[in-house]
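As you go down the protein sequences, you meet chains F and L in turn. Here the first sequence is numbered in my numbering, starting from 15 and rising by one per residue. Here the second sequence is numbered in my numbering, starting from 15 and rising by one per residue. Where a beta carbon is used, it is the ideal one built from N, C-alpha and C, also for glycine.
Number of protein chains: 2
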Amino acid sequence: MSLKLYVDALSQPSRALLIFLQASNIPFTKCIVKLGAGEHLSEEFKNNISRFQKVPVVIHGDFHLTESVAILRYISRENAAPNNLYPKDSKLQARVDEYLEWQHTNIRANCAMYFRKKWLEPKITGEELSEKLLLPYERRMVDSLNDFENLWLSSGAFITGDTLTAADIWAACEIEQPRIAGYDPESERPVLSRWLNNVRKSLSPHYEEAHTLLNKLVQKSTMKKASSKL
Amino acid sequence: MSLKLYVDALSQPSRALLIFLQASNIPFTKCIVKLGAGEHLSEEFKNNISRFQKVPVVIHGDFHLTESVAILRYISRENAAPNNLYPKDSKLQARVDEYLEWQHTNIRANCAMYFRKKWLEPKITGEELSEKLLLPYERRMVDSLNDFENLWLSSGAFITGDTLTAADIWAACEIEQPRIAGYDPESERPVLSRWLNNVRKSLSPHYEEAHTLLNKLVQKSTMKKASSKL
Chain F
15 MSLKLYVDAL SQPSRALLIF LQASNIPFTK CIVKLGAGEH LSEEFKNNIS RFQKVPVVIH
75 GDFHLTESVA ILRYISRENA APNNLYPKDS KLQARVDEYL EWQHTNIRAN CAMYFRKKWL
135 EPKITGEELS EKLLLPYERR MVDSLNDFEN LWLSSGAFIT GDTLTAADIW AACEIEQPRI
195 AGYDPESERP VLSRWLNNVR KSLSPHYEEA HTLLNKLVQK STMKKASSKL
Chain L
15 MSLKLYVDAL SQPSRALLIF LQASNIPFTK CIVKLGAGEH LSEEFKNNIS RFQKVPVVIH
75 GDFHLTESVA ILRYISRENA APNNLYPKDS KLQARVDEYL EWQHTNIRAN CAMYFRKKWL
135 EPKITGEELS EKLLLPYERR MVDSLNDFEN LWLSSGAFIT GDTLTAADIW AACEIEQPRI
195 AGYDPESERP VLSRWLNNVR KSLSPHYEEA HTLLNKLVQK STMKKASSKL
């Protein structure tokens with residue numbers, strides 16, 4: 015049965031699913047949805063792909079499903095995935111689930127909101143948010159990143175222990191995002207930095223492929239920051 | 015193997031898990047954690063129950079797990095639950111998961127934040143938030159409730175169709191919460207109101223038992239509102 019994945023390279027959970035499918039050797043067709051051009055807001059997308067008008071979406075045969083974590087679980091049930099990114103063992107799976115549920119209103123919400131307020135909305139409106147108005151968003155992101163380091167990275171090389179799982183993929187894709195807005199999540203967080211580099215290395219070459227556009231935008235943002243200091 | 019559930023009656027996901035376990039006839043020991051008295055913030059709780067210092071938590075044998083949705087899945091795997099609140103069929107389960115993932119940054123985040131700002135924080139600090147500062151929280155909650163009605167309740171009596179599932183329990187427990195703060199989610203939402211009453215009825219008597227304290231607080235809030243209008 016055919017599996018189609020609708021994604022945009024600037025959507026964090028889109029990248030997570032892309033990397034998961036590729037690292038698991040699960041065949042799929044990649045369908046690009048240009049969020050910047052508003053393709054997800056079209057009537058055609060709403061009626062034929064997803065009423066939620068977001069990415070990622072998968073279509074498996076004629077079954078349409080949204081929400082990256084729900085998709086991860088569905089695909090893991092439907093495919094005998096050749097690795098342990100989403101473990102079958104009940105307790106190990108519960109540990110991965112525990113992170114994937116925790117992240118929504120922590121790492122995901124707070125890194126994404128900072129990225130949105132600092133980089134995305136100014137791109138659309140042409141108006142930058144003042145430092146004062148940006149500060150609460152930055153504080154919440156910093157708190158989440160510190161919590162992430164303290165609560166999740168203290169017991170092994172990866173989130174649930176010594177083995178890389180989907181939890182690490184989902185976390186890393188969110189934590190890369192504020193780099194576009196000029197924030198370095200690795201600065202003064204040696205444990206997080208070591209973990210992030212472990213994840214990048216373990217998932218090569220899929221990880222850097224999924225982050226090609228992001229890394230270009232990070233480079234641009236770094237150059238802009240450096241030139242503004244001259 | 016013994017199953018202990020740590021809960022507080024004013025925690026929405028605590029109520030959801032309580033109702034799920036009772037409606038599924040899964041035996042467990044209920045352990046009350048008084049959030050109002052800060053019991054979850056003690057060193058004893060942090061070291062012996064959960065490093066996250068939140069409820070709900072389950073301890074199954076010596077396995078400690080947080081995050082209500084992760085707990086729901088774990089318990090459903092470990093127990094041959096006699097009903098279909100968390101369906102075994104892969105596609106039906108994906109539909110329940112889709113809602114449980116969607117709700118985190120929608121219904122859960124926005125109803126809980128309104129409750130927090132309007133009722134909980136003034137209880138702690140003694141200072142009420144001005145209507146102007148409360149407005150963005152109310153708007154986000156109203157948008158989420160409207161989205162919930164439009165996106166999830168248009169195809170059947172329950173969220174995923176004609177059968178009650180865990181998605182309905184988790185949603186209803188969140189949607190009850192702002193009632194404590196004097197907001198009626200059923201007002202001008204006939205579809206949501208019909209659904210909510212279906213859920214309450216289908217899960218009787220566990221549902222009203224879990225909501226005893228909440229309904230007392232709602233009554234108090236309604237009386238306060240009425241007397242301020244005299």
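- Considering only SER201/F, LEU227/F, TRP116/F, the residue with the shortest C-alpha distance to GLN26/F is LEU227/F.
- From the beta-carbon of SER104/L, the residues of chain F found nearer than 7 Å are TYR88, ARG91, GLU92.
- The C-alpha of PRO150/L lies about 15 Å from the C-alpha of ILE121/L.
- By the 16-neighbour rule on beta-carbons within 10 angstroms, ALA108/L is buried.
- Chain-ordered, the chain F residues with CB closer than 9 Å to the CB of PHE77/L read LYS105, ALA108.
- Restricting attention to ASP182/L, MET155/L, ARG154/L, LYS18/L, the CA atom closest to the CA of TRP166/L is found in ASP182/L.
- By the Cβ rule, the segment 76-90 of chain L does not count as touching the segment 69-78 of chain F, because fewer than three pairs are nearer than 8 Å.
- Contact check for LEU31/F and LEU19/F: beta-carbon distance about 6 Å, within the 8 Å limit, so the pair qualifies.
- TYR113/F sits in a helix when the DSSP states are folded into three classes.
- Residue contact check for TRP116/F against chain L: a CB pair falls below 8 Å.
- DSSP places PHE34/F within a helical segment (H, G or I) once states are collapsed to three.
- Interface residue (Cβ-Cβ distance to chain F less than 8 Å): PHE172/L is not classified as such.
- No residue range can be given for ILE40/L, since it is assigned to no beta strand (DSSP E) and is classified by DSSP as neither H nor E.
- Distance from the CA atom of GLY140/L to the CA atom of ASP22/L, rounded to whole angstroms, is 22 Å.
- Nearest to MET237/F by alpha-carbon distance, out of GLY196/F, SER144/F, ASN211/F, is GLY196/F.
- Interface criterion met: the Cβ of LEU165/L is under 8 Å from a Cβ in chain F.
- Of the residues assessed, ASN124/F falls on the buried side of the cut-off, its CB having 16 or more other CB atoms within 10 angstroms.
- Membership of THR179/L in any beta strand (DSSP E) is not indicated, and neither H nor E is assigned to it by DSSP.
- Bounds of the alpha helix (DSSP H) holding LEU231/F are 226-242.
- Under the three-state reduction of DSSP, LEU79/L is assigned to strand.
- Residues of the same chain with a CB within less than 6 Å of the CB of GLU202/L, apart from the 5 flanking positions on each side, do not exist.
- Scanning the segment 138-215 of chain L from its first residue to its last, the whole alpha helix (DSSP H) runs of 4-plus residues come out as 145-166, 180-190.
- Of all C-beta pairs linking the segment 167-177 of chain F to the segment 197-216 of chain F, three or more are shorter than 8 Å, placing the two stretches in contact.
- Interface flag for THR80/L against chain F is set, since a Cβ pair is found closer than 8 Å.
- Proximity of chain F to THR177/L at the Cβ level (cut-off 8 Å) is not reached, the minimal Cβ distance being about 18 Å.
- At a cut-off of 8 Å, the C-beta of THR226/F has no neighbouring C-beta in chain L.
- Between VAL83/F and chain L, the shortest Cβ-Cβ separation is below 8 Å.
- In the DSSP assignment, ILE121/F falls outside any beta strand (DSSP E) and lies within the alpha helix (DSSP H) extending over 121-129.
- Excluding its 5 nearest sequence neighbours in each direction, LYS239/F has C-beta neighbours in its own chain below 6 Å: GLY196, listed in chain order.
- Residue environment: ILE189/F is assigned as buried (16 or more neighbouring CB atoms within 10 Å of its CB, all protein chains considered).
- Boundaries of the alpha helix (DSSP H) harbouring LYS60/F: 57-62, taken from the DSSP string.
- Beta bridge pairing from DSSP links VAL71/L with TYR20/L, THR80/L.
- Put simply, the backbone Cα of THR177/L is about 27 Å away from that of ASN93/F.
- Check the Cα spacing between SER16/L and each of THR43/L, ILE33/L, ASN39/L: the tightest is with THR43/L.
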